[in-house]
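Heads up: the sequence shown begins at 774 in the numbering used here, then just goes up one per residue.
Ideal Cβ positions, reconstructed from N, Cα and C, are used throughout, including at glycine.
It should be emphasised that the depicted structure is a prediction, and the values quoted were computed from it without experimental measurement.
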Amino acid sequence: MTLSDKRIEWEARMKEWKESGLSAAQWCREHDVNLHQMYYWKRRFQQESMVTKEANWLPVQVTESSSTIKSSPIFIHVHDYAVEVPIGADPVQVAEILRVIS
Numbered sequence: 774m775t776l777s778d779k780r781i782e783w784e785a786r787m788k789e790w791k792e793s794g795l796s797a798a799q800w801c802r803e804h805d806v807n808l809h810q811m812y813y814w815k816r817r818f819q820q821e822s823m824v825t826k827e828a829n830w831l832p833v834q835v836t837e838s839s840s841t842i843k844s845s846p847i848f849i850h851v852h853d854y855a856v857e858v859p860i861g862a863d864p865v866q867v868a869e870i871l872r873v874i875s
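Put into structure tokens, the structure is as follows:
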């Protein structure tokens, strides 16, 4: 029996076993099949399917965000004072302002 013939035979056996609802051990006993061979072919088919599966990639279109979060100022409230700090403000100046109003 050629490898191709064995493959066809084991594919049919695997299909029959899965459709039976029986455990592998039960099915093998009832069909006079070697359980170790069953596991060998099961593992072989699984490994082959992992190798031959292609990734299903979906196209993605990246657009620039229209969000204004990155350009929105930060508002800091200390006691009775409110300070609006623009994005990109000098941290040293902001620290000095906060020190003065604290």
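- Contact between the stretch 830 to 837 and the stretch 806 to 817 is absent: fewer than 3 CB-CB pairs across the two stretches fall below 8 Å.
- Between P846 and P859 the beta-carbon gap is near 5 Å, inside 8 Å, which marks them as a contact.
- Under the three-state reduction of DSSP output, E821 falls in the helix class.
- In this structure, DSSP gives A785 a helical state, which the three-state scheme calls helix.
- Relative to W814, the option among V867, E857 and E784 whose CA is nearest is E784.
- DSSP places E869 in the helix class (H, G or I) of the three-state scheme.
- Within the same chain, L871, I874 and S875 come within 7 Å of V851 by CB-CB distance, once the 5 residues on both sides are set aside.
- About 7 Å separates the beta carbon of M787 from that of F818, a gap short enough to meet the 8 Å contact definition.
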